[in-house]
Ligand SMILES: NC(=O)c1ccc[n+]([C@@H]2O[C@H](COP(=O)([O-])OP(=O)(O)OC[C@H]3O[C@@H](n4cnc5c(N)ncnc54)[C@H](OP(=O)(O)O)[C@@H]3O)[C@@H](O)[C@H]2O)c1
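Residue numbers (my numbering): 115 to 618.
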């Protein structure tokens, strides 16, 4: 398009994106606004089309819904000319995902799209559907010849989370996908990796010389990874009550953060070089033995409570489509050990939960205390250790805390911060977090996507916990009030090690 914003990156190559589940929540809230932002940034090619696959909605209704929802969920200003550019490239297929006839129609539509839009037979299939269709859709695509790549034309499939619900189902899903696709065609998305500050972790570690020498067991006491959600389960009870916090957050988002912190420098930024290093971390995590689960993994469920701003929150068990005696956890805290040369003996504490007082995601690397107390003869009896905090959301940035002398005649030490806030240095481009991921898929860069073997390795770590928890129903649920920082047992997990969770 002519009126493109300046952008140093080149537009993706010609292609069509086929969105299965085109009338769903994810498409409306994230995918369409992300495509709009890419169009505005000049990152979509002229030879581009969006094919929406939905089971109802006539053409006009479909376009209207996309436009209205895009307007509602857009991260920046709505510009009619950008929308018109996208709208002229929208096509639609009506059908049921399990109906082979619908895929024949899809094939015909794509042939028309190639002819009218010059998309060259390159298709990105985005499965924004219930997980039960994740292997069915590629199988059906293969039946009509839409899955096979050939010289000069690519076919890629994006799979949303959840990628399986335990190790066995993740293995089966991988096996089924690999019957019709090559691993290089599969893009397992984790939208956390679309966040700028998550991508910045590798830059921070490997583009700066001063941190890497102390990034190991000799200097680091422990690492805390916290993903606190202020929201309750809302209307997602139908899905969430069968998943829970461990499945929903840990093998994907939290493990990706852990891997970025713990991995060795890759030999290059090629997708497989990075993913090989991440995989080594998942394999190095010491599996929690069944008899250790109750000591090293804490689960919680929120009861009625009040948020700091006074908002009343009803107990999880009263939410829509949640069983009144549900044993599903809405909070999880874990202690994991990464058994490799760099991290032996350094605990990684992970916590995530719903209905906590604030929405915060951060990684805190706490360094060891000084070896010798030089200030014994002064009023200072304890020095705070240095902490490096990588803030992922909401105010993205990095801070390093250290001790400084408080001015005055008496020797006193106060904790101070060196603080870097992304927004103060860089113009923030409003984004949904899906822009980079969609753009990378179109470019064929799988760096930010999970590889099948790594997804399985991550499930191997959490599977023993799932097994023990499902065998031993919790007796104390609900065990934290909405608006608090989680169950007492999570504090105890840290206290046993002589440590404490950071105040977020
Ligand atoms: N929403 C999010 O923020 C989010 C975040 C992370 C991951 N995800 C994952 O993304 C996927 C989509 O989530 P969502 O929240 O968008 O779910 P959703 O709102 O329920 O959308 C799913 C879509 O699939 C369509 N569908 C279901 N069965 C179908 C069938 N037999 N034939 C044709 N279409 C069918 C539905 O069509 P109808 O509209 O006709 O019912 C609906 O539009 C899920 O796997 C979810 O776990 C979502």
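Beta carbons: idealized from backbone N, C-alpha and C, even for Gly.
Check whether the Cβ of residue i lies closer than 8 Å to any heavy atom of ligand 1, and answer yes or no.
i: residue 244; result: yes
i: residue 210; result: yes
i: residue 367; result: no
i: residue 276; result: yes
i: residue 140; result: yes
i: residue 547; result: no
i: residue 608; result: no
i: residue 144; result: yes
i: residue 241; result: yes
i: residue 225; result: no
i: residue 301; result: no
i: residue 348; result: no
i: residue 305; result: yes
i: residue 539; result: no
i: residue 247; result: yes
i: residue 136; result: yes
i: residue 176; result: no
i: residue 353; result: yes
i: residue 596; result: no
i: residue 473; result: no
i: residue 168; result: yes
Is residue i helix, strand or coil when you go by DSSP?
i: residue 136; result: coil
i: residue 430; result: helix
i: residue 396; result: helix
i: residue 354; result: helix
i: residue 118; result: Bear in mind that a pLDDT of 41 at residue 118, under 50, signals an unreliable position, so the number given afterwards is only what the model happens to contain. Correct three-state label for residue 118: coil.
i: residue 383; result: coil
i: residue 466; result: strand
i: residue 497; result: coil
i: residue 377; result: coil
i: residue 535; result: strand
i: residue 255; result: helix
i: residue 264; result: strand
i: residue 425; result: coil
i: residue 179; result: helix
i: residue 303; result: coil
i: residue 145; result: helix
i: residue 129; result: strand
i: residue 482; result: coil
i: residue 156; result: coil
i: residue 235; result: coil
i: residue 622; result: No answer is possible for residue 622: the residues shown for the chain start at 115 and end at 618.
i: residue 349; result: coil
i: residue 407; result: helix
i: residue 504; result: strand
i: residue 370; result: helix
Can you give me the C-alpha to C-alpha distance between residue i and residue j, rounded to a whole angstrom?
i: residue 570; j: residue 280; result: 9 Å
i: residue 120; j: residue 156; result: Because the pLDDT at residue 120 is just 46, under 50, the model does not fix this residue reliably, and the value given afterwards should be weighed accordingly. The alpha-carbon atoms of residue 120 and residue 156 are separated by roughly 8 Å.
i: residue 413; j: residue 443; result: 6 Å
i: residue 484; j: residue 497; result: 8 Å
i: residue 536; j: residue 344; result: 22 Å
i: residue 117; j: residue 531; result: Here residue 117 scores only 41 on pLDDT, less than 50, and its place in the model should not be relied on; the value that follows carries that caveat. Their backbone Cα atoms lie some 43 Å apart in a straight line.
i: residue 115; j: residue 210; result: Bear in mind that the predicted position of residue 115 carries a pLDDT of just 43, short of 50, making it too unreliable to give a figure here.
i: residue 592; j: residue 416; result: 5 Å
i: residue 62; j: residue 241; result: The shown model of the chain, from 115 to 618, leaves out residue 62, and the question about it has no answer.
i: residue 527; j: residue 501; result: 16 Å
i: residue 614; j: residue 340; result: 13 Å
i: residue 342; j: residue 365; result: 16 Å
i: residue 578; j: residue 181; result: 46 Å
Against chain D, with Cβ distances strictly below 9 Å, would residue i count as a contact?
i: residue 355; result: Going by chain labels, chain D is absent from the structure shown, which holds only one protein chain.
For residue i, is the beta carbon positioned less than 8 Å from some heavy atom of ligand 2?
i: residue 405; result: Looking at this structure, you won't find ligand 2 anywhere; what it does contain is ligand 1.
> Looking at C-beta atoms only, is the number of pairs between the region 401-408 and the region 377-387 that lie closer than 8 Å three or more?
Replying inline: In short, these stretches do not touch, since the Cβ pair count stays below three.
> How do the region 252-272 and the region 305-312 stand: do at least 3 beta-carbon pairs fall below 8 Å, yes or no?
Replying inline: The region 252-272 vs the region 305-312: no contact.
>> Counting beta carbon pairs with one atom in the region 254-262 and one in the region 183-196, are three or more of them shorter than 8 Å?
In response: No, they do not touch.
>> Pairs of beta-carbons, one from the region 152-165 and one from the region 225-235, closer than 8 Å: are there three or more?
In response: Yes, the region 152-165 is in contact with the region 225-235.
> Touch check for the region 502-515 and the region 469-487: three-plus C-beta pairs under 8 Å?
Replying inline: With the cut-off at 8 Å, the region 502-515 and the region 469-487 touch.
>> Could you check whether the region 319-338 touches the region 448-466, counting it as contact only if at least three pairs of C-beta atoms, one from each stretch, sit closer than 8 Å?
In response: Yes, they touch.
> Are there three or more Cβ pairs, one per stretch, closer than 8 Å when the region 285-304 is compared with the region 432-450?
Replying inline: No contact exists between the region 285-304 and the region 432-450.
> Taking contact to mean at least 3 C-beta pairs separated by less than 8 Å, is the region 445-459 in contact with the region 597-616?
Replying inline: The region 445-459 makes contact with the region 597-616; the number of CB pairs closer than 8 Å reaches 3 or more.
> So, do the region 169-176 and the region 141-148 have three or more beta carbon pairs nearer to each other than 8 Å?
Replying inline: With a cut-off of 8 Å, the region 141-148 and the region 169-176 do not count as touching, because too few Cβ pairs lie within range.
> Do the region 547-560 and the region 319-333 meet, that is, are 3 or more Cβ pairs less than 8 Å apart?
Replying inline: No, the region 547-560 is not in contact with the region 319-333.
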